[in-house]
Amino acid sequence: MATMWFWLMTCVLLQISVLCNAGVTSTFVRKEWSTDMPESSFPPPPGTNAPEQVHITQGDHEGRSMIISWVTPVEKYPNVVTYWKAGTKDLHKLQTHSEITTYRYYNYASGYIHHATIKDLKFDTKYFYEVASNEVTRQFSFTTPPKPGPDVPYTFGVIGDLGQTADSNRTLEHYMSNPIKGQAVLFAGDLSYADDHPNHDNTKWDTFGRFIEKSVAYQPWIWSAGNHEIDLASNLEENDPFKPYLHRYYVPYKASQSTSPLWYSIKRASTYIIVLSSYSAYGKYTPQYKWLEQELPKINRYETPWVIVILHAPWYNSNHYHYMEGESMRVQFEPWFVQYKVDIVFAGHVHSYERSERISNIKYNITNGLSLPVRDINAPVYITIGDGGNIEGIANNFIYPQPNYSAYREASFGHAILDIKNRTHAYYCWQRNQDNEPVVADSAWFFNRFFSYGG
Ligand SMILES: *[C@@H]1O[C@H](CO)[C@@H](O)[C@H](O)[C@H]1NC(C)=O
Ligand SMILES: *[C@@H]1O[C@H](CO)[C@@H](O)[C@H](O)[C@H]1NC(C)=O
Ligand SMILES: *[C@@H]1O[C@H](CO)[C@@H](O)[C@H](O)[C@H]1NC(C)=O
Ligand SMILES: *[C@@H]1O[C@H](CO)[C@@H](O)[C@H](O)[C@H]1NC(C)=O
Numbered sequence: 016m017a018t019m020w021f022w023l024m025t026c027v028l029l030q031i032s033v034l035c036n037a038g039v040t041s042t043f044v045r046k047e048w049s050t051d052m053p054e055s056s057f058p059p060p061p062g063t064n065a066p067e068q069v070h071i072t073q074g075d076h077e078g079r080s081m082i083i084s085w086v087t088p089v090e091k092y093p094n095v096v097t098y099w100k101a102g103t104k105d106l107h108k109l110q111t112h113s114e115i116t117t118y119r120y121y122n123y124a125s126g127y128i129h130h131a132t133i134k135d136l137k138f139d140t141k142y143f144y145e146v147a148s149n150e151v152t153r154q155f156s157f158t159t160p161p162k163p164g165p166d167v168p169y170t171f172g173v174i175g176d177l178g179q180t181a182d183s184n185r186t187l188e189h190y191m192s193n194p195i196k197g198q199a200v201l202f203a204g205d206l207s208y209a210d211d212h213p214n215h216d217n218t219k220w221d222t223f224g225r226f227i228e229k230s231v232a233y234q235p236w237i238w239s240a241g242n243h244e245i246d247l248a249s250n251l252e253e254n255d256p257f258k259p260y261l262h263r264y265y266v267p268y269k270a271s272q273s274t275s276p277l278w279y280s281i282k283r284a285s286t287y288i289i290v291l292s293s294y295s296a297y298g299k300y301t302p303q304y305k306w307l308e309q310e311l312p313k314i315n316r317y318e319t320p321w322v323i324v325i326l327h328a329p330w331y332n333s334n335h336y337h338y339m340e341g342e343s344m345r346v347q348f349e350p351w352f353v354q355y356k357v358d359i360v361f362a363g364h365v366h367s368y369e370r371s372e373r374i375s376n377i378k379y380n381i382t383n384g385l386s387l388p389v390r391d392i393n394a395p396v397y398i399t400i401g402d403g404g405n406i407e408g409i410a411n412n413f414i415y416p417q418p419n420y421s422a423y424r425e426a427s428f429g430h431a432i433l434d435i436k437n438r439t440h441a442y443y444c445w446q447r448n449q450d451n452e453p454v455v456a457d458s459a460w461f462f463n464r465f466f467s468y469g470g
């Protein structure tokens with residue numbers, strides 16, 4: 016998409032409209048790019064060095080720990096989060112210190128980025144927490160998940176390719192006002208879209224952090240990285256992949272014996288969540304391959320019946336945009352997903368919405384010609400949810416006729432809810448930004464194939 020930005024800049028700066036039109040129309044038929052909400056929409060909180068961009072994510076494998084992250088713009092200290100169980104008032108306040116990191120990106124220098132892991136929390140319990148400067152104290156709260164178990168209900172929001180446009184804001188507001196209340200967000204990659212701006216303008220990472228705080232300071236978002244997190248720019252001498260993302264968004268990867276924050280797993284209530292990286296090596300013998308190979312057999316379905324994978328580039332997509340970009344990863348890992356009956360794979364990347372049938376395409380062996388996706392009860396459902404808002408516009412260029420592996424598809428912005436009821440049943444729905452809550456545009460019941468064979 017850097018190409019698109021280049022053409023737009025060329026249009027603006029040089030006004031060579033013939034050249035621009037040729038460049039744009041020959042490559043893209045997507046609608047106009049949108050624009051980010053102005054930076055003034057996301058002012059820093061008032062007060063000197065006020066903690067900002069507060070966000071939380073699960074901090075261990077089971078859900079008894081939380082990583083609290085925030086940025087202080089001018090001073091390092093105090094680097095402390097204070098927290099206590101709701102209802103205990105001031106009696107039992109605890110404190111944990113943050114690890115502080117900073118980074119430079121071309122002509123940008125970050126504030127002090129704090130990450131504090133608070134541990135030994137009680138399951139299913141509300142906590143308050145505070146982060147402060149010498150002048151300003153900001154208070155937030157979250158609820159820990161129930162202890163993992165087969166019949167523990169839990170509700171996830173699902174958002175991908177969010178960005179910080181007016182559409183992004185509608186998606187987030189819609190998610191937060193959904194009558195089915197999400198308790199944590201599964202995020203399918205592509206956060207700020209800073210890299211779509213000149214020099215990967217990293218102030219966009221700051222405004223994005225302020226934008227999403229209204230949700231992510233209060234409930235964990237489970238992060239995966241997309242192509243807009245790569246941030247490689249050799250022309251800027253920025254050759255360190257994922258640099259801004261890895262400094263800003265810590266995840267508990269060591270708890271699942273992963274060697275990289277780009278792939279890891281957590282348990283949450285009745286689900287086992289596996290995050291993969293579409294933009295890290297996954298060939299045989301690579302660290303990600305070896306990790307996934309030993310990870311899948313570890314899952315105890317009597318404890319966590321539901322297995323969900325989050326990655327960025329979809330394996331089944333019937334849009335011309337990013338068509339088959341997930342293909343080599345599919346070839347590498349799909350047999351395992353079928354063997355271990357992964358329930359759902361959430362991907363982003365394509366700026367529209369699509370849900371697949373339960374299908375697999377694992378028979379092909381170079382010579383036998385068996386190259387069609389076929390119905391497969393053991394296969395996951397693949398959901399592309401890259402419709403958060405982005406900045407590059409909607410991906411409205413589907414392939415016709417609709418292939419039979421595709422169950423539902425639509426070029427609209429929105430979010431999804433995955434409402435796990437018990438070990439056999441989960442309700443899933445997708446909601447479009449143009450509809451009022453609680454209108455549902457696509458929905459399905461998922462039946463767990465380890466405990467039942469409903470479909
Ligand atoms: C985001 O949406 C909310 C709710 O509609 C609105 O109050 C707020 O002003 C919007 N934010 C921006 C920056 O447009
Ligand atoms: C490929 O598949 C065909 C048909 O299923 C089978 O007969 C053949 O032995 C396979 N080839 C290899 C190398 O496994
Ligand atoms: C799609 O159609 C092909 C050809 O008729 C068939 O072999 C395949 O099983 C179908 N796939 C699904 C998912 O229905
Ligand atoms: C599981 O949830 C479904 C849907 O709410 C319900 O119909 C079913 O009875 C539940 N199963 C058990 C064993 O409670």
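Whatever position you read off the sequence shown (first residue = 1), add 15 for the numbering used here. Note that the Cβ used here is the ideal one computed from N, Cα and C, for glycine as well.
Closer than 7 Å by C-beta to Val353: which residues in its own chain qualify, once you throw out the five before and the five after it? Chain order, please.
Ser375, Ile377, Asp391, Asn393 and Ala394
Spatial neighbours of Phe466 within its chain, please: C-beta separation below 7 Å, excluding the five flanking residues on both sides.
Pro320, Arg438 and Thr439
Roughly how far, in whole angstroms, is the beta-carbon of Glu228 from the beta-carbon of His70, given that I think they are within contact range, below 8 Å?
7 Å
Bridge partners of Asn334, per DSSP?
Partner(s): Phe413.
Thr382 classed as buried or exposed, judged by whether at least 16 other C-beta atoms fall within 10 angstroms
Its Cβ having fewer than 16 others within 10 Å, Thr382 is exposed.
Considering Thr271, what are the terminal residues of the alpha helix (DSSP H) in which it resides?
According to the sequence shown, residue 271 is Ser rather than Thr. Premise fails: Ser271 is in no alpha helix (DSSP H) and is neither H nor E.
Closer than 7 Å to a non-hydrogen atom of ligand 1 - does that hold for the CB of Glu67?
Answer for Glu67: no, Cβ out of range of ligand 1.
Is Asn193 close to ligand 1? I mean its beta-carbon at under 7 Å from any heavy atom of the ligand.
For ligand 1, not one heavy atom lies less than 7 Å from the Cβ of Asn193.
Please state if the CB of Asp51 and the CB of Thr180 are separated by a distance shorter than 8 Å.
Yes. Within cutoff.
Quick check: is any heavy atom of ligand 3 less than 7 Å from the C-beta of Pro395?
no
In the DSSP output, which residue or residues are listed as bridge partners for His440?
Phe462
In terms of residues, what are the limits of the beta strand (DSSP E) holding Tyr287?
Thr286 to Val290
Under the three-state reduction of DSSP, which class applies to Phe138: helix, strand or coil?
Phe138: coil per DSSP, three-state reduction.
Taking contact to mean 3 or more Cβ pairs, one atom from each stretch, closer than 8 Å, check whether the region 289-304 and the region 213-221 are in contact.
no
Just tell me which of Gln110, Thr117 and Pro416 has its CA closest to the CA of Ile83.
Ile83 has its Cα closest to that of Gln110, out of Gln110, Thr117 and Pro416.
Should Glu308 go down as buried or exposed, given a rule of 16 or more other Cβ atoms within 10 Å for buried?
exposed
Alpha carbon to alpha carbon, how far is Gly384 from Lys258? Give it in angstroms, no decimals.
42 Å
Gly224 - DSSP class collapsed to helix/strand/coil:
helix
Quick check on this structure: which residue in Thr222, Gly197, Ala199 and Pro194 has the alpha carbon closest to the alpha carbon of Ser207?
Thr222
Can Arg79 and Leu136 be called in contact, C-beta distance under 8 Å?
yes
Near Ala328, which residues of its chain fall below 6 Å by C-beta distance, leaving aside the five closest residues on each side in sequence?
Ser293, Glu340, Gly341 and His364
Ser386 and Tyr397: beta carbons closer than 8 Å?
No.
For Asp182, I'd like the list of residues in its chain whose CB is within less than 7 Å of its CB, leaving aside the five on either flank, ordered along the chain.
So the list reads Ser49, Gly404, Phe428 and Asn448, once near-sequence residues are dropped.
May I have the straight-line CA-CA distance separating Ala147 from Asn94, to the nearest angstrom?
8 Å
Spatial neighbours of Ile409 in its chain, beta-carbon cut-off 8 Å, leaving aside the 5 residues before and after
Arg45, Lys46, His366, Ser367, Asp402, Ala426, Ser427 and Phe428
Runs of beta strand (DSSP E) lying entirely within the region 191-267, each at least 3 residues, in chain order
199-202
Are His107 and Trp99 close, meaning C-beta to C-beta below 8 Å?
yes
Three-state secondary structure (DSSP) at Leu187?
helix
Cβ of Asn376 versus every heavy atom of ligand 2: is any distance shorter than 7 Å?
no
Beta-carbon spacing of Glu145, Thr63 below 8 Å:
no
Drop a sphere of 10 angstroms on the beta-carbon of Asp166, count the other beta-carbons inside from all chains shown, and report buried for 16 or more, exposed for fewer.
exposed
Using three-state DSSP, classify Trp351 as helix, strand or coil.
helix
Write down every uninterrupted run of the alpha helix (DSSP H) in the region 291-346 whose length is 4 residues or greater and which is fully enclosed by it, in chain order.
302-310
Could you give the residue range of the beta strand (DSSP E) that holds Phe171?
Tyr169 to Ile174
Reference His335, options Pro418, Thr116, Trp236 and Ala459, closest by Cα:
Pro418
When DSSP labels each residue in this structure, what does Glu54 get in the three-state scheme?
helix
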